[in-house]
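Counting with our numbering, you get residues 3 to 212 for the letters of the sequence shown. In this text, a Cβ means the ideal position worked out from N, Cα and C, and glycines have one as well. Quantities reported herein were computed from a predicted structural model and do not represent experimental measurements. For reference, the structure discussed in these notes is given below.
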Amino acid sequence: MKKLFISIALLAFASGALSAQERKLPAPDMDREAAGIMDALNARRSVREYSSRELSEQEIADLLWAAQGKNREDGRMTSPTARNRQEIRLYLFTADGVSLYDHDNHSLHRAAEGDYRDLIAGPQAFAKTAPLSLLMVADFEKYGSDSDHARMMVYCDAGIVSQNISLYCAAVGLCTVPRGIMNVEGLSSLLGLGEKQIPVLNNPVGYPKE
């Protein structure tokens, strides 16, 4: 019993230490060279082959801000949510770990160490070849309901984040594809999600394969 208590305590400490690791991101580059909205819409494609080239810290910061960043002093975001519930969690998966995006502080909080992109890929191995993936988790507890209508609204909100990702990628020459396939059970276990927190969409992101 004593060993079990110590193991649980160590696990809790490790989990707390990970969540305390905040990584402040560079401010979004508003002067970044990018296509206009009409050109981005015209260029948007679902792409499933990626270069191994890594994205820079600035590119990751801009991508996350475009997806779900704070763009007003009152905390509202680039991606609207029903009743401003802000119930979509955005996770960044890379080869070295998993982080939760904090849109209010434009920072990342470590959620797990190690490469878990295979959980994002599920049965579609191509998704793991992207240098990073973004995962959208619907938090029905934060939304305040999981009724049929609430589910429809929350899934729409996740879709808006995914579309922001797609349009940003098209505007700056990156590639992505919105996906609903993933290892939901494995992701829920890894991230310590509750019953009302559900992985719903993901976007692998990378440069075009050369």
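Straight-line CA distance for Leu134 to Arg153?
One-based indexing of the sequence shown puts residue 134 at position 132. One-based indexing of the sequence shown puts residue 153 at position 151. About 27 angstroms.
Enclosing beta strand (DSSP E) for Ile90 [first to last residue]
Locating residue 90 in the sequence shown gives position 88, where the first residue counts as 1. Its beta strand (DSSP E) spans residues Ile90 to Thr96.
In three-state DSSP terms, what is Thr80?
Here residue 80 refers to the residue found at position 78 when the sequence shown is read from its first residue. Here Thr80 sits in coil by DSSP.
Using three-state DSSP, classify Gln165 as helix, strand or coil.
Mapped onto the sequence shown, residue 165 falls at position 163. Looking at Gln165 - three-state DSSP - the assignment turns out to be helix.
Inter-residue CB distance, Tyr145 and Arg87 (contact presumed, cutoff 8 angstroms):
Here residue 145 refers to the residue found at position 143 when the sequence shown is read from its first residue. Here residue 87 refers to the residue found at position 85 when the sequence shown is read from its first residue. That pair is a contact at about 5 angstroms.
Exposed unless 16 or more other CB atoms sit within 10 angstroms - verdict on Phe95
For this step, residue 95 is matched to residue 93 along the sequence shown. The residue in question, Phe95, is buried, as its Cβ has 16 or more Cβ neighbours within 10 Å.
Quick one: residues in its chain with C-beta nearer than 8 angstroms to the C-beta of Arg25, no 5 flanking neighbours on either side, listed in chain order?
Locating residue 25 in the sequence shown gives position 23, counting from the first residue. Counting only Cβ-Cβ distances below 8 angstroms, and skipping sequence neighbours, we find Ser101, Ser109, Leu110, His111 and Arg112.
Is it buried or exposed for Gly208, if we count other Cβ within 10 angstroms and need 16 for buried?
Along the sequence shown, one-based indexing puts residue 208 at 206. By the neighbour-count rule (16 or more Cβ atoms within 10 Å), Gly208 is buried.
Going by DSSP in three states, Ala16 sits in which element: helix, strand or coil?
Along the sequence shown, read from residue 1 onward, the residue named residue 16 stands at position 14. For Ala16, the pLDDT reaches just 45, beneath the cut-off of 50, and the residue's location in the model is therefore unreliable, although a value from the coordinates is still provided. Three-state result, Ala16: helix.
Spatial neighbours of Ser48 within its chain, please: CB distance less than 6 angstroms, with the 5 preceding and 5 following residues excluded, ordered by chain position.
As a first step, residue 48 is located in the sequence shown; it is residue number 46 there, counting from the start. The answer, listed in chain order, is Val179.
Tell me which same chain residues have a C-beta within less than 7 angstroms of the C-beta of Ser190, skipping the five on either side of it?
The residue labelled residue 190 in the question sits at position 188 within the sequence shown. Result list for Ser190: Pro201, in chain order.
Within the chosen definition, does the region 65–79 reach the region 162–181 through at least 3 CB pairs nearer than 8 angstroms?
Between the region 65–79 and the region 162–181, the count of Cβ pairs shorter than 8 angstroms is three or higher; the stretches touch.
For Tyr103, which beta-bridge partners are listed by DSSP?
The count along the sequence shown starts at 1 and reaches residue 103 at position 101. In the DSSP output, where bridge partners are listed per residue, Tyr103 has Leu110.
Nearest-angstrom Cβ-Cβ length linking Lys130 and Ala123, presumed shorter than 8 angstroms:
By one-based count along the sequence shown, residue 130 stands at place 128. By one-based count along the sequence shown, residue 123 stands at place 121. About 4 angstroms; that satisfies the 8 angstroms criterion.
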